[in-house]
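Okay, structure first, notes after.
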Amino acid sequence: MEKDFFVGPPGYFLISSQAPPCIQVTYDVAKFHSALFSEYAIPLPDTIKSSCKSRQADFLVGRYLARIALDELGCDETYVGIGDNGCPVWPENFTGSLSHADGIAVCIAQKNDHTASYIGIDCERKLSLDETGPVKEVAATRTDHLTCSAYPETSALFYSLMFSVKESFFKAAYPYVKRYFDFDAVSVFDIDPHNAYLQVNYDLHPRLMKGKTVTCSYRDMGDHVITHCLI
Ligand SMILES: CC(C)(COP(=O)(O)OP(=O)(O)OC[C@H]1O[C@@H](n2cnc3c(N)ncnc32)[C@H](O)[C@@H]1OP(=O)(O)O)[C@@H](O)C(=O)NCCC(=O)NCCS
């Protein structure tokens, strides 16, 4: 199988003026074959080897993007390992984040020069109004609903962004908190055309105490949204 038919060419975009460019590709799970791991020279961990085809494809495309991102940053070590609870392990002095959704994968990485920080990025297909029920029920707080009621765009877009921004927050916060925490841990208390503003609802970590606010940037990509969080 020709690997270039599995994944399209990388595209670059800025999600925030403070963040490095995001890399995005489209890929076709139907064209995935496990031999692509050796063609791309990407190690296949045992936990992924025993996973279903779509998970293997997601993992491969994520590591492929991570390698491009790290290479462009001048990092010699370009493999990203798997840590506790699936948290990616980036090479020393580098950090980044990955997301895959419905044949779209995104990655962002940066060098931590002076201070350590962690990034979360998330890509979600936009929900239709009919699909927002489970997200409202599982992931929205009272504050999220109130913010939605003042949001000038559709509530379907708001709940798509709210869910994605909480996933981005989780990815950036996990290396500090080091355990799973639920969607009620943060609420979107404001939103504008570029940013969603989160408040922490209970103490998660000395750096993420109740009342702390975190600005997350986002982009509406048409059929999907991409969100970014740096902590
Ligand atoms: C872990 C989770 C955030 C991943 O999000 P997702 O939308 O399912 O999947 P995505 O494709 O966007 O992201 C997957 C990537 O997230 C990263 N990831 C997985 N677990 C992670 C963790 N514990 N910490 C940080 N990043 C993690 C990995 O890079 C993974 O890709 P990989 O396995 O190929 O390396 C999600 O599955 C989850 O468990 N959510 C529940 C916890 C939560 O969000 N709480 C709400 C807090 S406000």
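Heads up: the sequence shown begins at 1 in UniProt numbering, then just goes up one per residue.
Every residue gets a Cβ at the ideal spot worked out from N, C-alpha and C, and that includes glycine.
The bridge partners DSSP lists for residue 89 are 81. Ligand 1 has no heavy atom closer than 7 Å to the beta-carbon of residue 25. Residue 189 sits in a strand when the DSSP states are folded into three classes. One Cα belongs to residue 221, the other to residue 102, and the distance between them is close to 14 Å. Listed in chain order, the non-local C-beta contacts of residue 88 below 6 Å within the same chain comprise 80, local neighbours out to five positions each way being set aside. Using a cutoff of 7 Å, the CB of residue 186 counts as near ligand 1, since one of the ligand's heavy atoms is closer than that. Relative to ligand 1, residue 98 has its C-beta within less than 7 Å of a heavy atom. Residue 97 is positioned such that its CB atom lies no closer than 8 Å to that of residue 133. One Cα belongs to residue 205, the other to residue 17, and the distance between them is close to 27 Å.
With respect to the C-alpha of residue 85, the residue from 126, 47, 110 and 131 having the closest C-alpha is 47. The beta-carbon distance between residue 116 and residue 73, rounded to whole angstroms, is 16 Å. This is too long to meet the 8 Å contact definition. Beta-bridge partners assigned by DSSP to residue 143: none are found. In this structure, residue 194 sits away from residue 19, with a CB-CB distance that is not shorter than 8 Å. Setting aside the 5 residues that flank it on each side, residue 214 is surrounded in the same chain by 198, each with a C-beta closer than 6 Å to its C-beta; the list follows chain order.
Nearest C-alpha to residue 61 among 167, 158, 49 and 6: 6. For ligand 1, a non-hydrogen atom lies closer than 7 Å to the CB of residue 171. In the DSSP assignment, residue 25 forms a beta bridge with 105. When DSSP states are grouped into helix, strand and coil, residue 19 belongs to the coil group. Just so you know, the alpha carbons of residue 161 and residue 184 end up roughly 15 Å apart. Looking at the backbone, the Cα of residue 58 and that of residue 171 are separated by about 17 Å. Partner residues in the beta bridge of residue 121, as assigned by DSSP, are 228. Note on residue 200: 16 or more other CB atoms within 10 angstroms of its CB, so buried under the neighbour-count rule. When only Cα atoms are considered, residue 55 and residue 165 end up about 22 Å apart.
Around the beta carbon of residue 123, 16 or more other beta carbons lie within 10 angstroms, which makes this residue buried.
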